[in-house]
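Q: Encoded as structure tokens, here's the structure I'll be asking about.
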Amino acid sequence: MTATIDTAAAEALLIEERAKVVRQLRDLGANESGELTGSVDYGDAFADAGAVTAERTEVLGLVETHTIRLERIDRALSKIGEGTYGICETCGEEIEPDRIEYLPAARRCVRCKAAS
Ligand SMILES: [Zn+2]
784 MTATIDTAAA EALLIEERAK VVRQLRDLGA NESGELTGSV DYGDAFADAG
834 AVTAERTEVL GLVETHTIRL ERIDRALSKI GEGTYGICET CGEEIEPDRI
884 EYLPAARRCV RCKAAS
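Residues in the sequence shown are numbered from 784 upward in steps of one, following the working numbering.
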């Protein structure tokens with residue numbers, strides 16, 4: 784397979800993106816596995832329990848979103864290591880370089896993505 788994708792550039796982007804997501808998770812009081820580390824205080828004796836629950840649910844949702852992003856990034860990074868980066872997981876064709884540039888963690892080509 785001829786490499787038309789700039790893997791080094793994609794890797795740099797992915798590493799940068801990963802650091803950003805890890806930072807966001809830490810800000811939410813979670814670690815890289817998406818587990819809340821308990822460093823965030825969800826309220827005091829005066830807080831409305833309903834509001835605390837709502838906030839916690841929102842935080843958990845955000846944590847989940849970030850964790851999924853992190854998994855995608857890690858998967859893309861390990862593919863770079865394996866030399867399979869930029870190959871569509873569905874059809875095995877090379878993913879469009881434009882798409883990779885826009886979405887470095889893309890796992891499928893535009894055609895397969897559209898077909899799903
Ligand atoms: Zn495909």
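Beta carbons are placed, not taken as given, at the ideal position from N, Cα and C, and that holds for glycine. In this text the structure is predicted, and so the values were computed from the model without any measurement.
Does at least one heavy atom of ligand 1 sit under 7 angstroms from the Cβ of Glu876?
A: Result yes, Cβ under 7 angstroms from ligand 1.
Q: Per DSSP, which one or two residues make a beta bridge with Glu877?
A: Glu877 pairs with Ile870.
Q: Going by beta-carbon coordinates alone, are Gly817 and Thr850 separated by less than 8 angstroms?
A: Contact: yes.
Q: Smallest Cα separation from Thr848: which of Ser899, Glu794, Ala897 and Glu815?
A: Among Ser899, Glu794, Ala897 and Glu815, the Cα nearest to that of Thr848 belongs to Glu815.
Q: Going by the beta-carbon positions, is the gap between Ile883 and Leu797 smaller than 8 angstroms?
A: Result no, Cβ atoms of Ile883 and Leu797 do not sit closer than 8 angstroms.
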